[in-house]
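In my numbering, the protein residues as written are 1 to 416. These notes concern the structure reproduced below.
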Ligand SMILES: *Cc1c(COP(=O)(O)O)cnc(C)c1O
């Protein structure tokens, strides 16, 4: 963790450091937890805000076998980037699991992107595109095993399975995978464990339905990070690692990143633009929802909800400032604004009406680095703490970060 903050003159006043060594480390942890399974790195939503292509390249270089995204346009962007980087398509299979009527299925087939099939309308669209392109589409049939989101219900599956068998016989599709997703893989309660057991049972039933129709996918996959860590019976042939790859726990209430041996990948930081004294009773930010309980040092951080800093974390989220005398623990006070928020840096000396310059040594200076969240072993607050402050989950804290915030990719101590 660098203490100095020296952004370029024209740079956005805030940046996210992305630690690629941590990605490689986390992948080792996840591989050790599911040693027999292939690994898919889930890089949807701009790699959970970390940067699609850089994360994908590091994941592949660190032992991921597959890449997964939700939206087809993300997969196309990813494939173009991988092609530019000279990655052989056979070495980097990509699965996209969301398509809509009107999606560019032909483009997906040409780009060598695997597609998910939950419903016959998708299979019909894919088959038509495969006929037009003159090449079979690679598909993964998705089974709804108890989440009622995507996937064929077991009731609908026999019809979909025979349609898949027919399309396969016609040379229009190759059924590469069969898959599903757990809805309560992070839940160790009795109900959660029963849910996961029921998902597995339904998955097995679905696989038998496919087999009876003559569809035999080589790659069965069910587990995301929580399944990797907590449900070995869900590993099958491949696992799909998202949040764990980014060094965050799927549920910190069950076990946090440190307990899991994971290292948070993203550090979000910005330089303070103001350090000043505010008087006892001074209201802070819109609505005056916080009033200084004593004379205080107030710092100003130039990031806000327009940048993806969650407004619901107002008056609660922790921040650490790398001050001249060491780390200064601080806290967001008052409401997070669109482009900045105030932090409380602690009590100030002196009497009311005295200028800041006569109120003793300030705990931090303008330009000092305010760390919103990062790796707690460096003294940074965590995305988990921001999630609690905002009433959400760590997934949202990192994924919401605006695309315009520079990602500084740090590899083996170098940033590039
Ligand atoms: C997002 C997602 C994943 C990854 O989940 P994590 O909990 O982040 O590991 C895996 N599979 C599907 C279908 C997903 O939507």
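Ideal placement from N, C-alpha and C gives every residue a C-beta, glycine not left out. Computed from a prediction, not measured in an experiment: that's the story for all the values here.
- [ ] Return the chain-ordered ranges of every beta strand (DSSP E) run that is complete within the segment 222-260 and spans a minimum of 3 residues.
- [x] Note on the segment 222-260: whole beta strand (DSSP E) runs with a minimum of 3 residues are 238-241, in chain order.
Task: Neighbourhood of residue 192 by C-beta, 6 angstroms cutoff - its chain only, sequence neighbours within 5 removed - done: So the list reads 184, once near-sequence residues are dropped.
- [ ] May I ask which residues mark the beginning and end of the beta strand (DSSP E) holding residue 98?
- [x] That run of the beta strand (DSSP E) goes 94-98.
Open item on the list: Runs of 3 residues minimum, wholly inside the segment 259-318: which ones carry the beta strand (DSSP E) assignment?
Closed with: Counting only runs of 3 or more, we get 266-271, 274-278 and 296-301.
Task: Heavy atoms of ligand 1 versus C-beta positions, residues under 7 angstroms - done: Those residues are 42, 44, 68, 70, 97, 181, 224, 225, 226, 240, 241, 242, 243, 244, 250 and 395, given in chain order.
Open item on the list: Using 8 angstroms as the cut-off, can you tell me whether the segment 367-374 makes contact with the segment 309-322, which would need three or more C-beta pairs spanning the two stretches below that distance?
Closed with: Touching, yes.
Task: residue 118, buried or exposed, once every other Cβ within 10 Å from all chains shown has been counted against 16 - done: By the 16-neighbour rule on beta-carbons within 10 angstroms, residue 118 is buried.
Open item on the list: Can you tell me whether residue 23 is helix, strand or coil according to DSSP?
Closed with: Helix at residue 23.
- [ ] Report yes if the C-beta distance between residue 172 and residue 136 is below 8 angstroms; otherwise report no.
- [x] A contact, by the Cβ cut-off of 8 angstroms.
Open item on the list: Using the Cβ count rule (16 or more neighbours within 10 Å means buried), how would you classify residue 414?
Closed with: Only weak support is given to the placement of residue 414: the predicted model assigns it a pLDDT of 47, under 50, and the value that follows is read from those uncertain coordinates. Under this definition residue 414 is an exposed residue.
- [ ] Give me the Cβ distance between residue 48 and residue 246, rounded to the nearest whole Å; I'm assuming they're in contact under 8 angstroms.
- [x] With a Cβ gap of about 5 angstroms, residue 48 and residue 246 count as contacting.
Open item on the list: Please report the distance separating the alpha-carbon of residue 134 from that of residue 128.
Closed with: Approximately 10 angstroms, taken between the alpha carbons.
- [ ] For the alpha helix (DSSP H) holding residue 56, just list the boundary residues, first then last.
- [x] Boundaries of the alpha helix (DSSP H) around residue 56: 52-61.
TODO: May I ask you to report which of helix, strand or coil DSSP gives residue 407?
DONE: Look at residue 407 here: in three-state DSSP terms it is strand.
Task: Cβ-based burial, residue 416 [other Cβ within 10 Å; buried from 16] - done: Only weak support exists for where residue 416 lies, its pLDDT of 43 falling under 50; the coordinates are left without a value.
Task: Whole-angstrom C-beta distance between residue 277 and residue 148, which should lie under 8 angstroms - done: Not quite, the Cβ-Cβ distance comes to about 55 angstroms (not below 8 angstroms), so this is no contact.
TODO: Would you kindly report the start and end of the unbroken alpha helix (DSSP H) that includes residue 386?
DONE: Element bounds for residue 386: 383-390.
- [ ] Would you kindly report the start and end of the unbroken beta strand (DSSP E) that includes residue 137?
- [x] Per DSSP, residue 137 belongs to the beta strand (DSSP E) from 137-142.
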